Amino acid sequence: MRRGLKLIKKAKILFIDDSENDVILLSYSLKEIIQNLESHRVDDLESLKKQLKKEIWDLIIIDNILPTLSLDKAIGLLKERKIKTPIVCVSGVDFPESKKLCTDKIVEAFVLKDEREKFVSTIEKILKQKE
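Numbering that gives the first Met the number 0 numbers the first residue of the sequence shown as 0 and each following residue consecutively.
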């Protein structure tokens with residue numbers, strides 16, 4: 000836990016990611032700033048639709064490369080449903096095309112999955128703006 004910083008009491012985060020292990024690692028990193036983290040992972044369009052109907056999310060974290068769901072389709076659905084939830088795009092690789100694809104959309108930030116400190120501080124900043 001980071002000393003001297005106020006924890007975010009509760010956050011509900013929807014992960015759009017094909018890797019359960021990546022989501023576990025990202026969630027673990029977020030537990031240092033979020034006291035009560037609720038999360039769910041989806042990796043296809045139908046599951047995403049269900050979760051958007053079922054819950055109101057504080058944040059959506061989307062992997063920019065998914066084998067079963069394109070970033071364009073996911074973002075398109077979020078726009079179509081007029082979802083106002085902040086979105087952070089994460090990637091396992093630092094390709095300029097990946098960053099451009101994410102930042103040209105309605106995405107708040109682009110962060111590499113292995114940049115743990117930047118990932119945590121980005122999420123913290125976004126969630127604290129929502130408080």
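Think of the CB as a built atom: it goes at the ideal place given N, C-alpha and C, for glycine as much as any other residue. Given the structure is predicted, the values throughout are model-derived calculations rather than measurements.
Per DSSP, cross-strand counterpart(s) of residue i
i: Glu37; result: Lys11
i: Leu47; result: Answer is none; Leu47 lacks a bridge partner.
i: Ile105; result: The partner list for Ile105 (beta bridge, DSSP) is empty, contrary to what the question assumes.
Close-in-space but distant-in-sequence residues of the same chain around residue i (CB under 6 angstroms, 5 per side omitted)
i: Cys101; result: Asn63, Cys88 and Phe109
i: Met0; result: Since pLDDT at Met0 reaches only 48, below the 50 mark, its modelled position is unreliable, and the value read off the structure follows with that caveat. Excluding residues within five positions, the ones whose Cβ falls inside 6 angstroms are Glu31.
Alpha-carbon spacing of residue i relative to residue j, whole angstroms
i: Leu6; j: Gln34; result: 6 angstroms
i: Leu126; j: Ala10; result: 8 angstroms
i: Lys53; j: Leu47; result: 10 angstroms
i: Ser120; j: Pro95; result: 22 angstroms
i: Glu107; j: Ser18; result: 22 angstroms
i: Glu123; j: Ser26; result: 13 angstroms
i: Ala73; j: Gln128; result: 24 angstroms
i: Lys8; j: Asn20; result: 24 angstroms
i: Pro66; j: Lys117; result: 26 angstroms
i: Lys49; j: Asp113; result: 29 angstroms
Cβ-based neighbour list, residue i, same chain, cut-off 7 angstroms, excluding 5 preceding and 5 following
i: Glu130; result: none
i: Arg115; result: Ser28
i: Ile82; result: Leu51
Given residue i as reference, the closest of the options once Cα atoms are compared
i: Pro85; options: Ile32, Pro66, Ile61 and Glu96; result: Ile61
i: Leu68; options: Leu36, Ile15, Val106 and Pro95; result: Ile15
i: Asp93; options: Leu111, Lys49 and Arg80; result: Leu111
i: Phe45; options: Asp113, Leu76 and Ser90; result: The residue asked about is misnamed: residue 45 is Glu in this sequence, not Phe. When each option's Cα is compared against that of Glu45, the closest is Leu76.
i: Leu70; options: Ile55, Lys49, Arg80 and Asp42; result: Asp42
Presumed contact (8 angstroms Cβ cut-off) between residue i and residue j, rounded CB distance
i: Leu36; j: Lys30; result: 6 angstroms
i: Asp57; j: Ile105; result: Contact flag wrong, Cβ pair sits at about 16 angstroms.
Cβ neighbours of residue i in the same chain (closer than 8 angstroms, five flanking residues each side left out)
i: Lys98; result: Ser90 and Phe109
Chain B contact for residue i (CB, 8 angstroms cutoff)
i: Leu47; result: Included in the structure is just one protein chain, with no chain B present.
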